[in-house]
DNA sequence: ATTAAAACATGACTATTATCAGTTTTACTC
DNA sequence: GAGTAAAACTGATAATAGTCATGTTTTAAT
């Protein structure tokens, strides 16, 4: 049994605005869950009974397109909360959540979450700002997807993955994705994605080793992402 | 001078959850503004001093892409509020707002809007649900943009415009957009957009008269939008 | 360690979309 | 209502991305 009050993860999520009593209330009613790599956390269209606070690991959130491909909408990792949007909207989820690696999460039943939104204005303001921020990010993605060619989107994705998850000791991106996952981020055929990664490799902007990717010329890669370099 | 209490528009926006005193407070401090067709309401990156409640007219919200094209992210019309996201996030706007036709809006200074979020839990819950809903829509757009070919996106856009703004007496879409605007919704070259509209016309799914568009075979158009028809 | 399955990679070809150049139509001003 | 600028349209061509076929490497399970 662990206590929310002491959880480091709390510092990064909206939960930081809750007072000790509110936290204890949540602490008493949460349940700890583990998910294995590849395991389904929740599916698109499910009604959630609460939110999932991620203590460890990374989850990918995808949406099934009418052509049968899963589009990756975003990743959720340590200190972030899964299922916020649908819980707040009181709707079924619009996304599917899958564990990218082994995960530990705390499940917080809906009513404790919603209760705090109603009672604690600082918490609800935090949630509002969270959603506002997500919305801005979504707008950026829309523009990139509609206006940029695939090569730019891949360059951008690699830079974004570095920013979000950082590097390991050897300098490789900490997050390891299959080529298919990458193609599902940029919305392209897996073969096209592989080919363009090879191109970036030949141009000396990245190097790879299996699933691991290293940025070797960040400046030029940024130029590619912005369409200034061919 | 008009009173928020009596404003029909209020019924459609989050403002409906405010009580008479809160409404009077806003009513006393709002200013009425007019914008002409094509006029700039606010630019990307501006700090807004408040939100704009749309009483009449339609505004397009765009974001400039690095390739110099404006991507249309969404439209805001009667009963909806402009500048919500950036006001809540306390950030500069991430979108540019332009009047698509002559507009009448009420400007509500920031602090009256934020005050109600802090004091009235029903209002802040309404705002949360608003943002949650926008976020879901944004996810849908991301999937469409990344996974669907241009023809499908155009079909979808036409159907979406009918749903959002309806038809005139003759059965044409009420909203009238230039070919360039349509191409900036689907994120394509204007010429490609024109060509695909012609194709849809030849296939008998729509007909056009100048800027006016009429859906003549809704069922098939829906199939095209979903990729079931070629 | 062996083997089967999955993921990765590449080539050949096709389909889609963008670009450039030009013409026609529409809408607006005087 | 003629003149003009902007928008709409069309064609030719190039660039981009998707599909299908096939071989190779990596991964994971026995």
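Residue numbers (the working numbering), protein chains in the order written: chain A, 1 to 230; chain B, 1001 to 1230.
Every residue, glycine too, gets a C-beta built ideally from N, C-alpha and C.
Nearest chain B C-beta to residue i closer than 8 angstroms, yes or no?
i: residue 229/A; result: no
i: residue 187/A; result: yes
i: residue 231/A; result: The displayed coordinates of chain A run from 1 to 230. Any statement about residue 231/A would go beyond what the structure contains.
i: residue 19/A; result: no
i: residue 76/A; result: no
i: residue 141/A; result: yes
i: residue 196/A; result: no
i: residue 164/A; result: no
i: residue 73/A; result: yes
i: residue 146/A; result: yes
i: residue 89/A; result: yes
i: residue 155/A; result: no
Among the options, which one has its Cα closest to the Cα of residue i?
i: residue 183/A; options: 173/A, 195/A, 101/A and 138/A; result: 195/A
i: residue 1107/B; options: 1044/B, 1147/B, 1031/B and 1136/B; result: 1031/B
i: residue 1093/B; options: 1037/B, 1159/B, 1008/B and 1045/B; result: 1045/B
i: residue 245/A; options: 116/A, 161/A and 176/A; result: There is simply no residue 245/A to check, as chain A begins at 1 and stops at 230 in what is shown.
i: residue 1057/B; options: 1090/B, 1102/B and 1213/B; result: 1102/B
i: residue 1230/B; options: 1208/B, 1076/B and 1152/B; result: 1152/B
i: residue 158/A; options: 169/A, 15/A and 185/A; result: 185/A
i: residue 64/A; options: 1140/B, 1204/B and 1190/B; result: 1140/B
i: residue 1074/B; options: 203/A, 143/A and 218/A; result: 143/A
i: residue 1086/B; options: 1096/B, 1077/B, 1078/B and 1079/B; result: 1096/B
i: residue 1218/B; options: 1161/B, 1123/B and 1034/B; result: 1161/B
i: residue 181/A; options: 205/A, 72/A and 7/A; result: 72/A
i: residue 193/A; options: 154/A, 227/A and 123/A; result: 154/A
i: residue 1084/B; options: 131/A, 148/A and 7/A; result: 131/A
i: residue 1201/B; options: 1221/B, 1191/B and 1170/B; result: 1221/B
i: residue 1067/B; options: 145/A, 91/A and 68/A; result: 145/A
i: residue 2/A; options: 18/A, 33/A, 12/A and 16/A; result: 33/A
i: residue 1148/B; options: 1226/B, 1054/B and 1119/B; result: 1226/B
i: residue 126/A; options: 5/A, 17/A and 168/A; result: 17/A
i: residue 61/A; options: 8/A, 100/A and 29/A; result: 100/A
i: residue 1009/B; options: 1133/B, 1121/B, 1078/B and 1028/B; result: 1078/B
i: residue 42/A; options: 6/A, 105/A, 29/A and 198/A; result: 105/A
i: residue 156/A; options: 178/A, 133/A, 59/A and 197/A; result: 197/A
i: residue 54/A; options: 175/A, 137/A, 7/A and 176/A; result: 7/A
i: residue 1029/B; options: 1004/B, 1036/B and 1012/B; result: 1004/B
i: residue 90/A; options: 1133/B, 1121/B and 1191/B; result: 1133/B
i: residue 82/A; options: 59/A, 203/A and 121/A; result: 59/A
i: residue 1076/B; options: 1069/B, 1121/B and 1012/B; result: 1012/B
With a threshold of 8 angstroms between beta-carbons, can residue i be considered close to chain A, or not?
i: residue 971/B; result: Nothing in the structure corresponds to residue 971/B, since chain B is present only between 1001 and 1230.
i: residue 1121/B; result: yes
i: residue 1063/B; result: yes
i: residue 1150/B; result: no
i: residue 1085/B; result: yes
i: residue 1067/B; result: yes
i: residue 1046/B; result: no
i: residue 1158/B; result: no
i: residue 1011/B; result: no
i: residue 1226/B; result: yes
i: residue 1094/B; result: yes
i: residue 1202/B; result: no
i: residue 1192/B; result: no
i: residue 1223/B; result: no
i: residue 1131/B; result: yes
i: residue 1097/B; result: no
i: residue 1118/B; result: yes
i: residue 1128/B; result: yes
Between residue i and residue j, which are expected to be in contact by the criterion C-beta below 8 angstroms, what is the C-beta distance as a whole number of angstroms?
i: residue 1172/B; j: residue 1213/B; result: 6 angstroms
i: residue 306/A; j: residue 188/A; result: Nothing about residue 306/A can be read from this structure; chain A reaches only from 1 to 230.
i: residue 1216/B; j: residue 1205/B; result: 6 angstroms
i: residue 1123/B; j: residue 1014/B; result: 6 angstroms
i: residue 1098/B; j: residue 1040/B; result: 6 angstroms
i: residue 1167/B; j: residue 1177/B; result: 15 angstroms between Cβ atoms; not a contact.
i: residue 1129/B; j: residue 88/A; result: 7 angstroms
i: residue 121/A; j: residue 1118/B; result: 5 angstroms
Within the present structure, is the beta-carbon of residue i separated from the nearest heavy atom of the ligand ATP by less than 7 angstroms?
i: residue 170/A; result: In the structure shown, the ligand ATP is absent, as is every other ligand, since no ligand is present at all.
May I ask you to verify whether the stretch 1103 to 1123 of chain B touches the stretch 1037 to 1057 of chain B, counting CB pairs closer than 8 angstroms and requiring at least 3? yes
Closer than 8 angstroms is the cut-off here; do at least three beta carbon pairs connect the stretch 1010 to 1024 of chain B with the stretch 198 to 215 of chain A? no
At which residue ranges does the stretch 89 to 163 of chain A contain complete alpha helix (DSSP H) runs of 4 or more residues, listed in the order of the chain? 110 to 119 and 121 to 147
Please specify which runs of the alpha helix (DSSP H), each continuous and at least 4 residues long, are wholly inside the stretch 27 to 100 of chain A, giving them in chain order. 84 to 89
Runs of 3 residues minimum, wholly inside the stretch 189 to 216 of chain A: which ones carry the beta strand (DSSP E) assignment? 206 to 209 and 212 to 215
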